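The letter at position 42 of the sequence shown is residue 284 when you use the working numbering, and the numbering goes up by one with no holes.
Just so it is clear, CB atoms sit at the ideal spot from N, CA and C, and this is done for glycine as well.
This one's a predicted model, so the numbers in the text were calculated from it and none came from an experiment.
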Amino acid sequence: MSDSTIAHRYALALLDIGIERKNFEQLGRELDRVIQLFDVEDVRRLFQNPKFGAGVRKKVLTVLLQQVKISPICRNFLFLLVDKSRISSLPKIVEAYHALADERAGRMRAKVTVAQRLGEPEVARLRTVLQKATGQRVVIEQKEDASIIGGIITNVGGKVYDGSVRSQLENFRARMRQGQA
243 MSDSTIAHRY ALALLDIGIE RKNFEQLGRE LDRVIQLFDV EDVRRLFQNP KFGAGVRKKV
303 LTVLLQQVKI SPICRNFLFL LVDKSRISSL PKIVEAYHAL ADERAGRMRA KVTVAQRLGE
363 PEVARLRTVL QKATGQRVVI EQKEDASIIG GIITNVGGKV YDGSVRSQLE NFRARMRQGQ
423 A
């Protein structure tokens with residue numbers, strides 16, 4: 243079974259619990275807080291290293307979870323992932339969870355790449371434009387990448403709209419080469 247299939251199954255199981263208890267949105271926010279703990283290289287390595295057993299991993303996870311506020315459901319879910327040796331799949335599970343929760347809530351995510359973080363007024367304008375274009379509520383996730391120089395790259399609904407200065411310069415350069423030939 244592929245990693246994405248496994249991630250989808252675990253995400254769906256957690257979403258079902260969240261829907262039943264009417265807190266699936268809260269569980270998504272909790273997963274976001276937990277996944278940030280795994281951004282630390284040493285933490286990631288510990289949970290990927292097979293020489294550390296479930297007992298050690300649970301103790302470390304217990305200490306880590308004291309840094310973020312999560313529900314017993316989320317904590318137990320994470321312990322289940324440790325028991326089933328699936329904790330290394332957590333990033334894919336969280337991604338699958340958000341996709342399923344977004345579908346359930348009638349919204350979609352737009353991943354935008356910008357040279358510098360957008361302020362709330364710009365995010366609100368972008369959200370309005372994307373909501374009109376898609377006909378759904380849109381959640382915007384920003385990622386900074388100085389190499390795009392300026393502008394914005396938007397990935398929404400499987401489509402990429404590249405309005406970056408880098409892309410425009412590359413297109414201009416290509417047109418210039420064609421004109422010289």
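Between the beta-carbon of residue i and the beta-carbon of residue j, is there less than 7 Å?
{"i": "Val-365", "j": "Ile-394", "result": "no"}
{"i": "Ile-391", "j": "Arg-408", "result": "yes"}
{"i": "Ile-315", "j": "Leu-323", "result": "no"}
{"i": "Leu-303", "j": "Phe-294", "result": "no"}
{"i": "Ala-341", "j": "Thr-396", "result": "no"}
{"i": "Val-354", "j": "Gln-384", "result": "yes"}
Express the C-alpha separation of residue j and residue i in angstroms, rounding to a whole number.
{"i": "Lys-311", "j": "Asn-413", "result": "47 Å"}
{"i": "Gly-361", "j": "Ser-406", "result": "17 Å"}
{"i": "Met-243", "j": "Leu-273", "result": "24 Å"}
{"i": "Leu-257", "j": "Tyr-339", "result": "7 Å"}
{"i": "Phe-266", "j": "Ala-255", "result": "11 Å"}
{"i": "Ala-249", "j": "Gln-278", "result": "18 Å"}
{"i": "Arg-359", "j": "Val-305", "result": "32 Å"}
{"i": "Arg-271", "j": "Ala-343", "result": "11 Å"}
{"i": "Ala-416", "j": "Asp-325", "result": "54 Å"}
{"i": "Val-276", "j": "Gly-297", "result": "19 Å"}
{"i": "Gly-421", "j": "Leu-411", "result": "15 Å"}
{"i": "Ala-423", "j": "Gln-290", "result": "Caution is warranted here: a pLDDT of 48 is assigned to Ala-423, below 50, making its placement in the model unreliable, and no coordinate value can be reported."}
{"i": "Arg-317", "j": "Leu-307", "result": "8 Å"}
{"i": "Gln-309", "j": "Lys-401", "result": "37 Å"}
{"i": "Ala-375", "j": "Arg-367", "result": "12 Å"}
{"i": "Phe-319", "j": "Gly-260", "result": "12 Å"}
According to DSSP, is residue i part of a helix, a strand, or is it coil?
{"i": "Val-282", "result": "coil"}
{"i": "Lys-300", "result": "helix"}
{"i": "Arg-287", "result": "helix"}
{"i": "Gly-260", "result": "helix"}
{"i": "Ser-246", "result": "helix"}
{"i": "Phe-266", "result": "helix"}
Between residue i and chain B, is any beta-carbon pair separated by less than 7 Å?
{"i": "Pro-333", "result": "Of the protein chains in this structure there is only one, and it is not chain B."}
Only counting the same chain, and skipping five residues up and downstream in sequence, which positions put a Cβ closer than 8 Å to that of residue i?
{"i": "Arg-349", "result": "Gln-378, Arg-379, Val-380 and Val-381"}
{"i": "Arg-286", "result": "Phe-280"}
{"i": "Glu-386", "result": "Thr-355, Val-356, Ala-357, Gln-358 and Arg-359"}
By Cβ distance, which residues of its chain are closer than 7 Å to residue i, with the 5 residues on each side in sequence left out?
{"i": "Asp-245", "result": "Ser-331 and Lys-334"}
{"i": "Lys-300", "result": "Phe-321 and Val-324"}
Take residue i and list the residues in its own chain whose beta-carbon comes closer than 6 Å to its own, dropping the five residues that flank it on each side.
{"i": "Ala-253", "result": "Ile-335, Ala-338, Tyr-339 and Leu-342"}
{"i": "Ala-388", "result": "Ala-357"}
{"i": "Tyr-403", "result": "Thr-396"}
- Task: Entirely within the segment 382-422 and at least 4 residues each: give me those alpha helix (DSSP H) ranges in chain order.
- Result: 407-422
- Task: Report the residue ranges of all alpha helix (DSSP H) runs contained in full by the segment 305-381; include only those spanning at least 4 residues, in chain order.
- Result: 314-325, 332-347 and 362-376
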